[in-house]
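Protein chains in written order, with my numbering: chain U, 6 to 518; chain X, -3 to 289. Beta carbons: idealized from backbone N, C-alpha and C, even for Gly. All figures in this text were calculated on a predicted structure; none of them were measured in a lab. A short write-up of the structure that comes next.
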């Protein structure tokens, strides 16, 4: 009886071992098959990209409209009146020409003839006006660029954007305004599952937060997109993204952390490049929180963090100490005096200001890639007795809480896709915008003046003065200007790394196609 | 014929001596005891602040010297924090959460199971259906929902894991109580007019001790694993509480070059789970032997 049981057990062990070996073999086979598929698809004109941010929504006017994921999707699917080149220069997209009136209170845009949506219906001034009105009525983050502006159709191919106050930055700010057909409702999920646009691509499939599959828009007015199919995948885990790039499952990857760059540079079939971007690590203080109302307190907290060491150690290749609320590539950048690390002075200033050291500050952020940076900041704050609770939030929750000011310190990698300080400083720092609880009438006036002149030098000077106030009052901490690291399959042709982290896939061709 | 005769002798010689087997069977006890010792005394010997980072010491290999002159025996992570210290402090967190969760689950499960099994009737019908319904719900999913919905803390993780942990205890206790309530000495006590609560405490519950202890041991391993899973996902415990799951998660981006960050706490976790599992099996076998005898 015992022998029978032992025999049975050993048989079971053999069976289990065989099953395990079989499973391993199958797994190995499936990996190889996946790689072959990827190779085959690559050769037939398919491009797969994996960015660092998920695409949660395709609605460019909604609450997610300013998120990197939605912007990336938007520029592939929809057209804009104007759009920036990878170097920030504005060029016409739907508009062939644009000019302001003398007072810079009204901008006239002349639309391109013969543009149609992907369903064949013509795109005209009515669609542009309806899209603008929809964006304003939804009151998403992009609507903040045009708080009191109105758009009117003056002819079938001409629209006028008017604002009560002069606004020279209108063309730059329109870089985040996308045109959709008129008649799309405020919450039209059926439309946004398969949106009709006039961009280079149309949507073949979309799973929020996971993947977006694009195919060329046959009705596109510009040059025919080179790839047959573009898949933008969200692979949350960095190691999985890196593996996907190495195995050929993904062709283009960006937002690669410094620690991983060295190993990628050693890969023969990959091209690795780092480009300075318009993005900056921005850590707003919630000035409406009683503990952070005093500018001296905010400045002392900034002074307490050794950002230079953090950047040197964590971001030796993609980080550079920031010297203004916007980066050097943005119009309106004027360097400010550096805030030197001095923990003792910070502690003393906080004590003098009556700061409550027992209160824990809520430091909110999204995306695990920033976790080490946040932990290093929290560690430095703890050294002078300031307690901070790092709260890592899912992207949608983060955005909701950001707007509702449910935080004490907010971390964002804030890009300026228009390359104009108007869409960063002018949009986010006014009393009306109330994005960080800070309100300063003098700053409002400077930002309004900067937006009212078309003279670039004057605008730069005015934004410089506005930056000085933001810097002096420590509306936030501005530790680092970000470069974006891209890596792509060397077989790809025509790929240009974009400084905003929003690459254009229309020009990307595969070697074998 | 001679060969046939010799075979049993060889088998006898090849078989391990009884004392050796007994010593081997003690290994899980020793290992689990060692973990408990590390969890209790380790934090007194090794100083560690989970919030403090030392960027100059980041990604040091095991055995390297840190900027303070100390030796990082298990290396450091991406923020320069000592991996050995994280394992030691993580052991304390795991043992604390494991023991607390099992204690709460055991208390709730045994009481409800005993009541359902002994009193039967409507109480049993309702409670047994509740057990069945809750057992059908994925335990880890419920734990994720609970842990994700509230502010992170050790207490929250204990509550989240206890929410479904008690059901197995309740079912086992109910089964034992259903059997024991029909035994002659329980009938005798009833006939003599001993109150139901006293019969339950004196004559029924003692018989549940064997299977419950064995079950508690196995449940402990599952709870430790579940807690590590929640921490790995970034829910449950706050960043200021060290957990093996968090340490493993912190190292997953460095698996290629700095394997020690995830691998060493992973080995510590696996080793504990395996040994607790074997210990649980031994206790179950001992209980069965005792019942057969």
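Could you check how far apart the C-beta atoms of residue 86(U) and residue 68(U) are, in whole angstroms? I think they sit under 8 Å.
-> So it is not a contact: roughly 22 Å between Cβ atoms.
Does the count of Cβ pairs from the stretch 475 to 490 of chain U and the stretch 260 to 268 of chain U closer than 8 Å reach three?
-> Contact holds: three or more Cβ-Cβ distances are below 8 Å.
On the three-state DSSP scale, how would you describe residue 139(U)?
-> helix
Please compile the residues from chain X whose C-beta is within a distance smaller than 9 Å of the C-beta of residue 107(U).
-> Those within 9 Å of residue 107(U) in chain X number zero; the least Cβ separation is about 55 Å.
Any chain U beta carbon closer than 8 Å to residue 152(X) | no
Classify residue 271(X) as helix, strand or coil using the three-state DSSP reduction.
-> Helix, per DSSP.
Please go through the same chain and pick out, in chain order, the residues whose beta-carbon is closer than 6 Å to the beta-carbon of residue 62(X), but skip the five residues on each side of it.
-> 53 and 68
With DSSP as the reference, label residue 548(U) as helix, strand or coil.
-> Residue 548(U) lies beyond the range of chain U shown here (6 to 518); nothing can be said about it.
For residue 285(U), which three-state DSSP category applies?
-> strand
For the candidate residues 326(U), 431(U) and 312(U), whose alpha-carbon lies nearest to that of residue 377(U)?
-> The shortest C-alpha separation from residue 377(U) is found at 312(U).
Neighbouring residues, chain X, relative to residue 316(U) (Cβ below 9 Å) = Per Cβ cutoff of 9 Å: no residues; residue 316(U) is ~10 Å from chain X at best.
With a CB to CB cut of under 6 Å and the five nearest residues on each side skipped, what residues in its chain are close to residue 226(X)?
-> 143 and 232
Going by Cα to Cα distance, which pick from 257(X), 260(X), 237(X) and 279(X) is closest to residue 85(X)?
-> For the set 257(X), 260(X), 237(X) and 279(X), the Cα lying nearest the Cα of residue 85(X) is the one of 237(X).
May I ask you to list, following chain order, the residues of the stretch 224 to 239 of chain X that have a beta carbon less than 9 Å from some beta carbon of chain U?
-> 230, 234, 235 and 236
Residue 469(U) - DSSP class collapsed to helix/strand/coil = helix
Spatial neighbours of residue 204(U) in its chain, beta-carbon cut-off 6 Å, leaving aside the 5 residues before and after | Within the same chain, Cβ atoms closer than 6 Å to the Cβ of residue 204(U) are found at 81, 82, 83 and 84, the five residues on either side in sequence being excluded.
Residue 104(U) versus 61(U), 173(U) and 138(U), residue with shortest Cα-Cα distance = 173(U)
Using a beta-carbon distance below 8 Å, is residue 277(U) in contact with chain X?
-> no
Using only alpha-carbon positions, find the residue among 322(U), 379(U), 295(U) and 344(U) that is nearest to residue 361(U).
-> For the set 322(U), 379(U), 295(U) and 344(U), the Cα lying nearest the Cα of residue 361(U) is the one of 295(U).
Which first and last residues belong to the beta strand (DSSP E) in which residue 95(U) is found?
-> 95 to 97
What span of residues does the beta strand (DSSP E) with residue 418(U) cover, start to end?
-> 414 to 419
Proximity winner among 425(U), 477(U) and 130(U), relative to residue 443(U) (alpha-carbon distances) | 477(U)
N-terminal and C-terminal residue of the beta strand (DSSP E) that residue 157(U) is part of | 155 to 160
Is the shortest distance between the beta-carbon of residue 178(X) and the beta-carbons of chain U less than 8 Å?
-> no
Which whole runs of the beta strand (DSSP E) in the stretch 35 to 68 of chain X are 3 residues long or more, in chain order?
-> none
Under 9 Å from the C-beta of residue 243(U): neighbouring residues of chain X | 248 and 249
Collapsed DSSP secondary structure at residue 128(U) in the structure displayed = Residue state for residue 128(U) is assigned as coil, using DSSP reduced to three classes.
I think residue 397(U) touches residue 373(U), with their Cβ atoms under 8 Å apart; what is that distance to the nearest whole Å?
-> 7 Å
For residue 153(U), is the classification buried or exposed, using 16 other Cβ atoms within 10 angstroms of its Cβ as the cut-off for buried?
-> Exposed, because fewer than 16 other Cβ atoms sit within 10 Å of the Cβ of residue 153(U).
Using a Cβ-Cβ cut-off of less than 7 Å, give me the residues of the stretch 369 to 383 of chain U that come near chain X, in sequence order.
-> Per Cβ criterion, the list reads 377, 380, 381 and 383.
Scan the stretch 397 to 410 of chain U for residues whose Cβ lies nearer than 7 Å to a Cβ of chain X and list them as they occur along the chain.
-> 397
For residue 507(U) and residue 422(U), the rounded distance between their alpha carbons = Their backbone Cα atoms lie some 9 Å apart in a straight line.
Listing by chain order, which chain U residues have their CB less than 9 Å from the CB of residue 48(X)?
-> 384, 387 and 388
What number of angstroms, rounded off, separates the C-alpha of residue 343(U) from the C-alpha of residue 58(U)?
-> 31 Å
Are the C-beta atoms of residue 263(U) and some chain X residue less than 8 Å apart?
-> no
What number of angstroms, rounded off, separates the C-alpha of residue 45(U) from the C-alpha of residue 505(U)?
-> Residue confidence is low: residue 45(U) scores 38 on pLDDT, short of 50, so the model does not pin down where it sits. No coordinate-derived value is stated.
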